[in-house]
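One structure is given here, and the rest of the page talks about it.
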Amino acid sequence: MPQPLFVIPLWADLVAVGLGGIQGALFASGFRGDRRLDFLGVAIIGILMGMGGGLIRDLLLGLPPATLQSNWYLLTAIAAALVGMLLAGILARVNWLIVGLDAVVIGLFGAFGTSKALVVGLPLVPAVFVGVCAAVGGGVLRDVMMGLPVAIMHVGSLYAVAAGAGCLALASAAALGLDIGLAAVIGVSFTTVIRLLAVIFDLSLPEQRMLYRRKVAVETAAIPIVHPKA
Amino acid sequence: MPQPLFVIPLWADLVAVGLGGIQGALFASGFRGDRRLDFLGVAIIGILMGMGGGLIRDLLLGLPPATLQSNWYLLTAIAAALVGMLLAGILARVNWLIVGLDAVVIGLFGAFGTSKALVVGLPLVPAVFVGVCAAVGGGVLRDVMMGLPVAIMHVGSLYAVAAGAGCLALASAAALGLDIGLAAVIGVSFTTVIRLLAVIFDLSLPEQRMLYRRKVAVETAAIPIVHPKA
Amino acid sequence: MPQPLFVIPLWADLVAVGLGGIQGALFASGFRGDRRLDFLGVAIIGILMGMGGGLIRDLLLGLPPATLQSNWYLLTAIAAALVGMLLAGILARVNWLIVGLDAVVIGLFGAFGTSKALVVGLPLVPAVFVGVCAAVGGGVLRDVMMGLPVAIMHVGSLYAVAAGAGCLALASAAALGLDIGLAAVIGVSFTTVIRLLAVIFDLSLPEQRMLYRRKVAVETAAIPIVHPKA
Numbered sequence: 001m002p003q004p005l006f007v008i009p010l011w012a013d014l015v016a017v018g019l020g021g022i023q024g025a026l027f028a029s030g031f032r033g034d035r036r037l038d039f040l041g042v043a044i045i046g047i048l049m050g051m052g053g054g055l056i057r058d059l060l061l062g063l064p065p066a067t068l069q070s071n072w073y074l075l076t077a078i079a080a081a082l083v084g085m086l087l088a089g090i091l092a093r094v095n096w097l098i099v100g101l102d103a104v105v106i107g108l109f110g111a112f113g114t115s116k117a118l119v120v121g122l123p124l125v126p127a128v129f130v131g132v133c134a135a136v137g138g139g140v141l142r143d144v145m146m147g148l149p150v151a152i153m154h155v156g157s158l159y160a161v162a163a164g165a166g167c168l169a170l171a172s173a174a175a176l177g178l179d180i181g182l183a184a185v186i187g188v189s190f191t192t193v194i195r196l197l198a199v200i201f202d203l204s205l206p207e208q209r210m211l212y213r214r215k216v217a218v219e220t221a222a223i224p225i226v227h228p229k230a
Numbered sequence: 001m002p003q004p005l006f007v008i009p010l011w012a013d014l015v016a017v018g019l020g021g022i023q024g025a026l027f028a029s030g031f032r033g034d035r036r037l038d039f040l041g042v043a044i045i046g047i048l049m050g051m052g053g054g055l056i057r058d059l060l061l062g063l064p065p066a067t068l069q070s071n072w073y074l075l076t077a078i079a080a081a082l083v084g085m086l087l088a089g090i091l092a093r094v095n096w097l098i099v100g101l102d103a104v105v106i107g108l109f110g111a112f113g114t115s116k117a118l119v120v121g122l123p124l125v126p127a128v129f130v131g132v133c134a135a136v137g138g139g140v141l142r143d144v145m146m147g148l149p150v151a152i153m154h155v156g157s158l159y160a161v162a163a164g165a166g167c168l169a170l171a172s173a174a175a176l177g178l179d180i181g182l183a184a185v186i187g188v189s190f191t192t193v194i195r196l197l198a199v200i201f202d203l204s205l206p207e208q209r210m211l212y213r214r215k216v217a218v219e220t221a222a223i224p225i226v227h228p229k230a
Numbered sequence: 001m002p003q004p005l006f007v008i009p010l011w012a013d014l015v016a017v018g019l020g021g022i023q024g025a026l027f028a029s030g031f032r033g034d035r036r037l038d039f040l041g042v043a044i045i046g047i048l049m050g051m052g053g054g055l056i057r058d059l060l061l062g063l064p065p066a067t068l069q070s071n072w073y074l075l076t077a078i079a080a081a082l083v084g085m086l087l088a089g090i091l092a093r094v095n096w097l098i099v100g101l102d103a104v105v106i107g108l109f110g111a112f113g114t115s116k117a118l119v120v121g122l123p124l125v126p127a128v129f130v131g132v133c134a135a136v137g138g139g140v141l142r143d144v145m146m147g148l149p150v151a152i153m154h155v156g157s158l159y160a161v162a163a164g165a166g167c168l169a170l171a172s173a174a175a176l177g178l179d180i181g182l183a184a185v186i187g188v189s190f191t192t193v194i195r196l197l198a199v200i201f202d203l204s205l206p207e208q209r210m211l212y213r214r215k216v217a218v219e220t221a222a223i224p225i226v227h228p229k230a
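Chains as they are written, first to last, in the UniProt record's numbering: chain A, 1 to 230; chain B, 1 to 230; chain C, 1 to 230.
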């Protein structure tokens, strides 16, 4: 495996890890299930949300996880989770902040995932896939660890679609010869804006069931015409 | 790591991915939980079932996932998931097709997993283990993502056992000097036939509890003989 | 990646795998959910608990899993799971044995994880992280596969904290120049003793909610002093 020429700057990576950690801890602090989370549980969610995306990206690329090659990633994620826990009391009702942070975080993880995949030599489609997995992976790990229904699987707010659109925009821009740094900025913006618009306008994908029902309705409506009763 | 001399032909790999994708989408379309799946959810299950086995195999072998080295795998899985969704309305009651497809798919993934593991140099026992993980891994990921009880863990229809028997047959045939392509055909056939027989005759493993009860019953029955009361 | 100079002796690794397998099978045999486990389910839990920690460790380190490079690991884990199943009837009420075994097993997996990470060249913080993941990873996989709430996430008995303290002790001792074999013994002892003390004295971390309530109580108590009413 050749040494990648493009390296995500450490500060950018740590910003994503830190924002992810804060967001995860805010989410976990607000969680009231039938079994409660202790301090450690909230911290684990913060670490998962801050570092999960990067871990999944590197596993899919077959590389040793970059987030474990320096002390800074874990220290940042733990510090961010602590900040998130302390702020949870104050921010409990500032829901838009949690949603906004989340939109930026999935944008960043998606862009880092796709650009690293392209640099390592993956074709466009799998590079976008790795980006989406990096963007939504932390949330999937969080939901599985907390015993919640996995959010991206259910009728929601175009969560993975926002990540996919941003990663595709990045990969397309890079394929057209754009500088990958600039392409990454475009990707992050795409994801963040689509995700926020989806939340604001309460957009979601049509359900499988609804579509099926509509088809049945059409077929049922057609019956009287084909086989008139009277 | 030496370059494997044996490479699974791309068309065979894509057939497995495509059948897995169709099967996953059919399964997910029939799912009626308390929280419904949207289009994206059905597509994700299709991709997981089509590509999950290969991903898990390569992670266990410490190799970069083969399914991400070309555009074809993801495109095939996505197309297959779409086909599965469109056919779901028609095929909802053709349960034997879903079961039959599934039997072939676990056979293929098991055979590809075991043969790749053998080629990479793993001993027989771990090679069979990698094959079984490749065969059932997509289904485990599906169940975890959908919040269902993990099927292979519960009293069922010899699902993992069918995969294990096929992988063991393949590995044994290869150890006896048989051509690995021929060994793979034997492995796929073993798994598919055992799985179908298990479904047809409703076979399952005895439960842990039942066995325990039987043992207690034997011990209780033995008491009068050892310590006669009268 | 350089060849590690320090190699965990095979017998030590197999002892950990075997104890983990027995412990997992004992745990799974005692499980009475709404859907029962069959033989295979109990065996899978035994294999997961015996080999899961090592698999997760090597995935995080970007190395091919050591537990799949020889036949012995799987054979040991399967044999141990069988022994655990046979003993489950006798040991069902010997809860302290299951807890004691578990304390030793997380100590061993944590120590092997941290020491291998240090040898591969990871800095102190990620090395401790890898050790903790290796120690608790098998249990997380077990809970997810069995559909149980993930134990380390919930108000519990300092499970992950015991692992973390032992791994930190090992890494600190190694950083101070102690022989890594001796450091590993210290680490295992730390984890086992802390875990057992936590269970004996029923210690747990304060809940997030409780702390939040206490803070609110303090603030409420302070109000009369700052703004006296009378």
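For each residue, glycine too, the CB sits at the ideal point set by N, CA and C.
Shortest alpha-carbon distance to residue i belongs to which of the options?
i	options	result
V193 of chain A	A:L176, A:I180, A:A174 and A:Y159	A:Y159
G54 of chain A	A:L168, A:I45, A:C133 and A:F27	A:C133
M153 of chain B	C:L37, C:V199, C:I180 and C:I22	C:L37
F27 of chain A	A:G84, A:G147, A:G181 and A:P64	A:G84
I106 of chain A	A:L40, A:W11, A:A79 and A:G52	A:G52
A79 of chain C	C:L40, C:L91, C:P64 and C:I90	C:L40
For residue i and residue j, I'd like the C-alpha separation in whole angstroms.
i	j	result
G18 of chain C	V104 of chain A	46 angstroms
F190 of chain C	V130 of chain B	35 angstroms
L122 of chain C	L74 of chain A	12 angstroms
A151 of chain A	V136 of chain A	9 angstroms
K116 of chain A	A66 of chain B	17 angstroms
L59 of chain B	G62 of chain A	8 angstroms
D102 of chain C	V42 of chain B	39 angstroms
L178 of chain C	V119 of chain A	41 angstroms
V188 of chain A	R195 of chain A	11 angstroms
I200 of chain C	L97 of chain C	13 angstroms
I8 of chain B	F112 of chain B	7 angstroms
M145 of chain C	V144 of chain B	8 angstroms
residue 232 of chain C	G147 of chain A	Because chain C is modelled from 1 through 230, residue 232 of chain C falls outside the range shown and cannot be assessed.
V140 of chain A	G20 of chain B	22 angstroms
I22 of chain C	D13 of chain C	14 angstroms
W11 of chain C	D202 of chain B	42 angstroms
P149 of chain A	I180 of chain C	43 angstroms
If you measure from the beta carbon of residue i to each beta carbon in chain A, is any gap under 9 angstroms?
i	result
A81 of chain C	no
F201 of chain C	no
V119 of chain C	no
P65 of chain B	yes
G46 of chain C	no
D58 of chain B	yes
So, residue i versus residue j, is the Cβ gap smaller than 9 angstroms?
i	j	result
A163 of chain B	G110 of chain B	yes
I186 of chain A	A175 of chain A	no
R142 of chain C	I45 of chain C	yes
A81 of chain B	G24 of chain B	yes
L108 of chain B	A16 of chain B	yes
L68 of chain B	G138 of chain B	no
A198 of chain B	A183 of chain B	no
A88 of chain B	S29 of chain B	yes
V125 of chain A	N71 of chain B	yes
T114 of chain B	V128 of chain B	yes
Could you confirm whether any beta carbon from chain B is found closer than 9 angstroms to the beta carbon of residue i?
i	result
L74 of chain C	yes
L176 of chain A	no
I22 of chain C	no
G62 of chain A	yes
Output the boundary residues of the alpha helix (DSSP H) element that contains residue i.
i	result
T192 of chain B	I180 to I200
L101 of chain C	N95 to V120
P126 of chain B	L124 to M146
V150 of chain C	Segment: none, V150 of chain C is in no alpha helix (DSSP H) and carries neither H nor E.
I8 of chain A	From DSSP, I8 of chain A is part of no alpha helix (DSSP H); its letter is neither H nor E.
T76 of chain B	N71 to L91
Quick check: is the beta carbon of residue i nearer than 9 angstroms to any beta carbon in chain F?
i	result
M153 of chain C	In the structure shown, chain F cannot be found, because the protein chains are A, B and C.
Is any beta-carbon of chain C found at less than 9 angstroms from that of residue i?
i	result
P126 of chain B	yes
G166 of chain B	no
M146 of chain A	yes
G138 of chain B	no
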